[in-house]
Amino acid sequence: MPSDFAWIRPEPGGLYIRPADVWIDPSHAVGSALVTHGHADHARAGHGVTMASPATIAIMRERYGQIGEAWPMPYGERATLAGGVHATLIPAGHVLGSAQVLLEHAGERVIVTGDYKRRADPTCEPFVVTPCDLLITEATFGLPVFRHPPIADEMARLLAAREANPDRAILVGAYALGKAQRVIAELRIAGYDAPIYLHGAMEKMCRLYEAHGVALGELRTVAGTPKAALAGQIVICPPSALGDRWSTRMPDPIPAMASGWMRVRQRVKQRGIELPLVISDHADWDELTETITQVNPAETWITHGREDALLRWCELTQRRARALALVGYEDEDD
25 MPSDFAWIRP
35 EPGGLYIRPA
45 DVWIDPSHAV
55 GSALVTHGHA
65 DHARAGHGVT
75 MASPATIAIM
85 RERYGQIGEA
95 WPMPYGERAT
105 LAGGVHATLI
115 PAGHVLGSAQ
125 VLLEHAGERV
135 IVTGDYKRRA
145 DPTCEPFVVT
155 PCDLLITEAT
165 FGLPVFRHPP
175 IADEMARLLA
185 AREANPDRAI
195 LVGAYALGKA
205 QRVIAELRIA
215 GYDAPIYLHG
225 AMEKMCRLYE
235 AHGVALGELR
245 TVAGTPKAAL
255 AGQIVICPPS
265 ALGDRWSTRM
275 PDPIPAMASG
285 WMRVRQRVKQ
295 RGIELPLVIS
305 DHADWDELTE
315 TITQVNPAET
325 WITHGREDAL
335 LRWCELTQRR
345 ARALALVGYE
355 DEDD
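One rule links them: number in the working numbering = place in the sequence shown (from 1) + 24.
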């Protein structure tokens, strides 16, 4: 039986690796941080040293400018930290550059998943199942009601709506990092080769993805495009733009939203969404339980999400588990 992993200390603002004096995804500026991916609730500016995948460092520089000393860690390369701790980044399948962190110390192996998904995604490296003694997993969609449909089905619904409404623009709200690029790439896989229009806030991250080898096809910005020319077009924008004045430049827009939360009718109604697209970059209930089963750790820690249901599932399947009380991690798209 392994120890209680006393060298890893869950704090409200993140996971602290005591022997190495390193934090994982801290919610405040620290001396040394291991960052799992570029979303703002995990990647913050102000750290003395930032350790992350090369793509995540590029994303952080795009978003924050100077980020202090950067320590790029390519997938699969084992790094030696202070205090006899070794760290290896492993693909998490969440967004470009996202990583699980494998920590090795005192004969124990710990995986911190960060945010992850198990579905195929043409814009990032797929999740890799890695055996360990302790699995620290997210649970954003940790309720049995959350079972995401195949993304090909959601793309078919989006394209059918476009076909049925040639005089209207379809305005798809999507998170600027990861979700937007995935929707675009999946539209291309579905055979849609027309230009896709972007809100100006989406352009830089899409170009960064292209610079990292992700093909997105022809992209155009809405700025300067005549209103009439946007009829029958697909436009990708931040979720916040769906209801602001910017959207009025579209011809009779159809508000759509790409999010795992579109499974919840109340959220669809609250946002005034006409075309809800259940598309998530997080693991759903089946992916969470499948991952725990496949990794088969001696113990599981569950964090930032719907912890209670997954904790109960672990208890019913006779798996040792506990819920953590970390703060500062937000729901997808909120």
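Positions of the beta carbon are idealized from the N, C-alpha and C atoms, including for glycine.
Please list the terminal residues of the continuous beta strand (DSSP E) segment that includes residue i.
i: Gln205; result: Here Gln205 belongs to no beta strand (DSSP E); instead the alpha helix (DSSP H) covers 203–213.
i: Cys261; result: 258–261
i: Arg295; result: No beta strand (DSSP E) holds Arg295; the alpha helix (DSSP H) holding it covers 289–295.
i: Met281; result: 278–282
i: Ile75; result: One point to set straight first is that residue 75 is Met, not Ile, in the sequence displayed. Element bounds for Met75: 73–76.
i: Ala345; result: 345–347
i: Leu39; result: 38–41
i: Arg33; result: 32–35
i: Arg269; result: Here Arg269 belongs to no beta strand (DSSP E), and DSSP marks it neither H nor E.
i: Trp285; result: Where Trp285 is concerned, there is no enclosing beta strand (DSSP E), given that its DSSP letter is neither H nor E.
i: Ala123; result: 123–129
i: Val136; result: 132–136
i: Val54; result: Segment: none, Val54 is in no beta strand (DSSP E) and carries neither H nor E.
I'd like the span of the alpha helix (DSSP H) that includes residue i, first residue to last.
i: Cys338; result: 331–340
i: Leu299; result: Taken as a continuous stretch (DSSP letters only), Leu299 belongs to no alpha helix (DSSP H), being part of the beta strand (DSSP E) at 299–301.
i: Glu242; result: From DSSP, Glu242 is part of no alpha helix (DSSP H); its letter is neither H nor E.
i: Val319; result: 309–319
Among the candidates the options, whose CA atom is the shortest distance from the CA of residue i?
i: Gly329; options: Arg192, Thr161, Val207, Trp95; result: Thr161
i: Asp308; options: Phe165, Tyr140, Pro98, Asp28; result: Phe165
i: Lys254; options: Ile260, Ala193, Val134; result: In the sequence on display, residue 254 carries Leu and not Lys. Ranking Ile260, Ala193, Val134 by Cα distance to Leu254 puts Ala193 first.
i: Gly62; options: Ala204, Ser56, Ala82; result: Ala82
i: Lys141; options: Ala130, Gly202, Glu101; result: Gly202
i: Ile220; options: Lys228, Leu240, Ile213; result: Leu240
i: Gln257; options: Thr60, His71, Pro36, Leu195; result: Leu195
i: Glu93; options: Leu167, Ser56, Leu120; result: Ser56
i: Gln294; options: Asn320, Arg273, Pro263, Leu113; result: Pro263
i: Leu105; options: Val125, Ala349, Leu158, Arg186; result: Val125
i: Gln90; options: Gly72, Tyr99, Gly100; result: Gly72
i: Leu348; options: Ile175, Thr341, Glu323; result: Glu323
i: Ile32; options: His66, Trp337, Leu159, Ala103; result: Leu159
i: Cys148; options: His110, Arg87, Val238; result: Val238
i: Thr60; options: Leu127, Glu35, Val109, Ala44; result: Leu127
i: Phe151; options: Ala188, Ile326, Glu314, Arg336; result: Glu314
i: Pro174; options: Leu120, Asp145, Asp45, Ala188; result: Asp145
i: Asp332; options: Arg346, Asp65, Gly131, Val319; result: Arg346
i: Glu101; options: Trp95, Val109, Leu113; result: Leu113
i: Leu222; options: Pro168, Ser271, Ala235; result: Ser271
i: Asp28; options: Asp157, Ala116, Leu58; result: Asp157
i: Glu86; options: Tyr99, Arg68, Ala103, Met97; result: Arg68
i: Glu178; options: Met97, Cys338, Ala200, Ile208; result: Ile208
Whole-angstrom Cβ separation of residue i and residue j, contact assumed at under 8 Å?
i: Asp305; j: Arg206; result: 7 Å
i: Gly70; j: Ala53; result: 3 Å
i: His118; j: Val302; result: No, His118 and Val302 are not in contact; Cβ-Cβ is about 17 Å, not under 8 Å.
i: Leu266; j: Gly197; result: 5 Å
Across the segment 285–302 and the segment 242–257, are there enough close Cβ pairs to call them in contact, namely three or more that are closer than 8 Å? no
To test your reading of the DSSP string, which unbroken beta strand (DSSP E) runs of 3 or more residues are found completely within the segment 85–111? 93–96
Taking only runs of the beta strand (DSSP E) that begin and end inside the segment 143–227, which ones reach a length of at least 3 residues, in chain order? 158–163, 194–197, 220–222
I want to know whether the segment 128–137 touches the segment 72–80 - three or more CB-CB distances under 8 Å. no
Closer than 8 Å is the cut-off here; do at least three beta carbon pairs connect the segment 295–302 with the segment 267–281? yes
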